[in-house]
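Colleague:
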Amino acid sequence: MPKRNILEAATTFPRWKNDTEPGFVFELCRQLAGYGHNVIALAPHFHNAKKHEIIGNVKIYRFSYFVPYRLQKVCYEGGILANLKRHKIAVFQLPLLFLSEFFSMAKLIKKEKIDVVHAHWIIPQGVAAYLCKKLFGIPYIATAHAGDIFPVKSPILRILARLVIKNSAYCTANSAFTKGKLEQIFDKKGINLIPMGVDMGMFRKRGRNDKLMGKFGIKKEFILGVGRLVEKKGFKYLVTAMSQVVKEFPHAKLVIVGDGPERASLELLAEELGLGSNVAFAGKVGNRLLPEYYASADLFVGPSIVTESGDTEGLGVAFLEALASGTCVIGSNVGGIPDIINHNKTGLLVRQKNSEELANAIINLLSSPKLRKSLAFNGHNHIKRNYSWDLIGKKFNMLVESVK
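Just so you know, we're using numbering that gives the first Met the number 0 here: the sequence shown kicks off at 0 and counts up by one.
Have a look at this one:
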């Protein structure tokens with residue numbers, strides 16, 4: 000099969016090298032390029048990011064949708080759903096984002112002689128890909144990441160999403176949860192379950208980083224949380240749980256990596272609970288340093304929730320990274336997390352929004368090094384067998400090459 004010109008369209012994408020934004024779409028681009036395809040990425044522009052650049056063997060185009068650029072607020076630093084709540088101007092900019100993306104996609108299809116479009120998120124990328132198919136006859140693959148199916152309560156968005164899915168060459172979902180939601184809402188069969196992956200070379204077992212431990216004054220138990228500081232990540236329940244954990248482990252330290260609109264309220268909560276010496280906020284950490292955090296921690300905890308709007312964890316890439324690093328995990332029993340955590344086998348699952356249950360799980364694992372080691376070992380093997388980028392890249396390559 001000759002190489003194909005593939006356009007990967009997404010609204011979550013690194014803005015520059017070593018960015019703290021999730022990089023799973025970029026990694027997929029790299030994987031497909033490794034199969035000999037010409038891969039072009041299309042993503043929203045961000046203030047100070049380059050409009051066009053080549054990183055490795057991936058061409059990247061970033062489209063602007065508002066001026067001045069510093070006022071572009073729909074994407075990045077929290078994600079679209081969080082930003083629509085956080086910035087009033089983002090609501091106004093949303094249709095501008097879609098129009099700009101559509102015209103940019105149409106332009107690139109001609110310029111780069113695109114053979115197939117891969118739209119990450121049914122809305123809005125899938126809608127742009129659907130329109131381009133109608134105009135130019137270019138087939139597309141639609142991938143749902145969960146956050147794109149919660150807005151479909153709107154009748155108009157539901158109609159658009161149904162058109163996107165129905166007219167796609169293939170539709171993929173990042174977890175069994177997302178796949179089930181798509182089948183339930185749109186009565187669609189034949190959806191391919193292909194998650195995002197993890198770089199097993201970058202995230203691997205290694206010794207504790209003494210410099211990192213010293214930076215946060217960690218002398219004993221190290222608990223780690225990683226993610227955007229937004230509602231669906233549920234970090235307030237983890238901070239609250241720490242007030243119980245420190246009664247059993249007075250020197251335990253929770254380090255939360257990430258930033259977002261809830262940071263100030265989380266810092267205030269930690270202060271009110273008297274956890275100043277037990278909870279630290281690391282802010283944004285680049286992807287080069289993040290593996291050291293995972294590998295140095297005794298436990299990784301992801302207390303995600305389902306928000307009132309229905310938004311939740313589609314998969315939970317941070318869980319993949321933690322287990323690939325050989326670190327034991329605790330997660331909420333929501334969204335796609337149970338795909339990764341088989342309770343009492345590859346980690347522990349707890350009910351969402353339940354700080355007491357979360358605290359008990361943390362205390363249980365901190366008290367049982369043998370159990371912690373066993374769960375981490377099983378979890379690492381599970382990730383290696385099912386979520387390595389080599390495997391995920393191969394699956395997506397098979398889809399791309401079979402698109403007619």
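Backbone N, C-alpha and C define an ideal beta-carbon position, used for all residues, glycine too.
Do you know how far the Cα of Arg157 is from the Cα of Pro138?
Modeller: Along the sequence shown, read from residue 1 onward, the residue named residue 138 stands at position 139. Along the sequence shown, read from residue 1 onward, the residue named residue 157 stands at position 158. The straight-line gap from Cα to Cα measures roughly 21 Å.
Colleague: Please list, in chain order, all residues of the same chain as Ala32 whose beta carbon is under 8 Å from its beta carbon, the five residues on each side excluded.
Modeller: Taking the sequence shown and counting its residues from 1, one reaches residue 32 at position 33. Val38, Gly55, Asn56 and Val57.
Colleague: Between Gly259, Pro290, Leu268 and Lys84, which has its C-alpha nearest Glu307's C-alpha?
Modeller: Residue numbering aside, residue 307 sits at position 308 when the sequence shown is read from its first letter. If we check each option's Cα against that of Glu307, Lys84 comes out closest.
Colleague: Taking contact to mean at least 3 C-beta pairs separated by less than 8 Å, is the stretch 12-28 in contact with the stretch 44-55?
Modeller: yes
Colleague: So, helix, strand or coil for Thr177, using DSSP?
Modeller: Looking up residue 177 in the sequence shown gives position 178. Three-state result, Thr177: helix.
Colleague: Can we count Ile382 as close to the ligand GDP, meaning its CB is less than 7 Å from some heavy atom?
Modeller: Only the bare structure without any ligand can be found here, which leaves the ligand GDP out of the picture.
Colleague: Give the DSSP-derived three-state secondary structure of Asn451 in the structure shown.
Modeller: This structure leaves residue 451 out entirely; the chain is present only between 0 and 403.
Colleague: Report the rounded CA-to-CA distance for Leu162 versus Phe176, giving the unit in angstroms.
Modeller: As a first step, residue 162 is located in the sequence shown; it is residue number 163 there, counting from the start. As a first step, residue 176 is located in the sequence shown; it is residue number 177 there, counting from the start. The alpha-carbon of Leu162 is positioned some 21 Å away from that of Phe176.
Colleague: Check this for me: beta carbons of Leu357 and Ala240, under 8 Å apart or not?
Modeller: Mapped onto the sequence shown, residue 357 falls at position 358. Mapped onto the sequence shown, residue 240 falls at position 241. In contact: Leu357 and Ala240 (Cβ atoms closer than 8 Å).
Colleague: Given a cut-off of 8 Å on the beta-carbon distance, is the pair His296 and Phe221 in contact?
Modeller: Position 297 of the sequence shown, counted from the start, is the residue given in the question as residue 296. Position 222 of the sequence shown, counted from the start, is the residue given in the question as residue 221. Going by the sequence as given, residue 296 is Ala instead of His. Against a cut-off of 8 Å, the Cβ pair of Phe221 and Ala296 comes out as a contact.
Colleague: Helix, strand or coil: how does DSSP classify Pro43 here?
Modeller: The residue given as residue 43 occupies position 44 in the sequence shown. Strand.
Colleague: Determine, using beta carbons only, whether Ile164 and Asp147 come nearer to each other than 8 Å.
Modeller: The residue labelled residue 164 in the question sits at position 165 within the sequence shown. The residue labelled residue 147 in the question sits at position 148 within the sequence shown. Not closer than 8 Å, so no.
Colleague: Taking Cβ positions, are Val244 and Val225 nearer each other than 8 Å?
Modeller: Counting from 1 along the sequence shown, the entry for residue 244 is found at position 245. Counting from 1 along the sequence shown, the entry for residue 225 is found at position 226. The answer is no: Cβ separation not under 8 Å.
Colleague: Could you tell me the boundaries of the alpha helix (DSSP H) in which Glu7 lies?
Modeller: Your numbering for residue 7 matches position 8 in the sequence shown. No alpha helix (DSSP H) holds Glu7; the beta strand (DSSP E) holding it covers Asn4 to Ala8.
Colleague: Can you check DSSP and say which residues form a bridge with Ala143?
Modeller: Your numbering for residue 143 matches position 144 in the sequence shown. Partner(s): Ala172.
Colleague: Would you kindly check if the distance between the Cβ of Phe280 and the Cβ of Gly301 is under 8 Å?
Modeller: Residue mapping note: residue 301 aligns to position 302 of the sequence shown, counting from 1. Residue mapping note: residue 280 aligns to position 281 of the sequence shown, counting from 1. Result no, Cβ atoms of Gly301 and Phe280 do not sit closer than 8 Å.
Colleague: Any idea if Leu365 is buried or exposed, counting beta-carbon neighbours within 10 angstroms, 16 or more meaning buried?
Modeller: For the purposes of this step, residue 365 is identified with residue 366 of the sequence shown, where counting begins at 1. Leu365 is buried by the Cβ-count criterion.
Colleague: In chain order, what residues of the same chain have a beta carbon less than 7 Å from the beta carbon of Ser167, not counting five sequence neighbours either side?
Modeller: Position 168 of the sequence shown, counted from the start, is the residue given in the question as residue 167. Closer than 7 Å at the Cβ level, and outside the excluded window around Ser167, lie Tyr139, Ile140 and Ala141.
Colleague: For a quick check, are the C-beta atoms of His379 and Leu322 less than 8 Å apart?
Modeller: Position 380 of the sequence shown holds residue 379. Position 323 of the sequence shown holds residue 322. A contact, by the Cβ cut-off of 8 Å.
Colleague: Go ahead and label Leu267 buried or exposed: buried means 16 or more other beta carbons lie within 10 angstroms of its beta carbon, across all protein chains shown.
Modeller: Taking the sequence shown and counting its residues from 1, one reaches residue 267 at position 268. By the neighbour-count rule (16 or more Cβ atoms within 10 Å), Leu267 is not buried but exposed.
Colleague: Counting only runs that start and end within the stretch 225-296, where is the beta strand (DSSP E) found for 3 or more residues in a row?
Modeller: 252-256 and 278-282
Colleague: Pull up the CB-CB distance for Thr326 and Ala294, whole angstroms please, since I reckon it's below 8 Å.
Modeller: The sequence position of residue 326 within the sequence shown is 327, counting from 1. The sequence position of residue 294 within the sequence shown is 295, counting from 1. About 7 Å separates the two Cβ atoms, so the contact holds.
Colleague: CA-CA distance, Val316 and Met104?
Modeller: Locating residue 316 in the sequence shown gives position 317, counting from the first residue. Locating residue 104 in the sequence shown gives position 105, counting from the first residue. Those two C-alpha atoms are separated by around 27 Å.
Colleague: So for Leu192, helix, strand or coil by DSSP?
Modeller: What you label residue 192 is simply residue 193 of the sequence shown in a count that begins at 1. Strand.
Colleague: Do you know offhand how far Phe376's Cα is from Ser401's?
Modeller: Numbered from its first residue, the sequence shown carries residue 376 at position 377. Numbered from its first residue, the sequence shown carries residue 401 at position 402. Approximately 36 Å between the Cα atoms of the pair.
Colleague: Inspect the beta-carbon positions of Leu6 and Leu96 and report whether they are closer than 8 Å.
Modeller: Here the question's residue 6 lines up with position 7 in the sequence shown. Here the question's residue 96 lines up with position 97 in the sequence shown. Result no, Cβ atoms of Leu6 and Leu96 do not sit closer than 8 Å.
Colleague: Thinking C-beta only, is Tyr75 closer than 8 Å to Phe101?
Modeller: Along the sequence shown, read from residue 1 onward, the residue named residue 101 stands at position 102. Along the sequence shown, read from residue 1 onward, the residue named residue 75 stands at position 76. For Phe101 and Tyr75, no; Cβs fall outside 8 Å.
Colleague: For the alpha helix (DSSP H) that Tyr386 lies in, which residues bound it at each end?
Modeller: Position 387 of the sequence shown, counting from 1, holds the residue named residue 386. Segment: none, Tyr386 is in no alpha helix (DSSP H) and carries neither H nor E.
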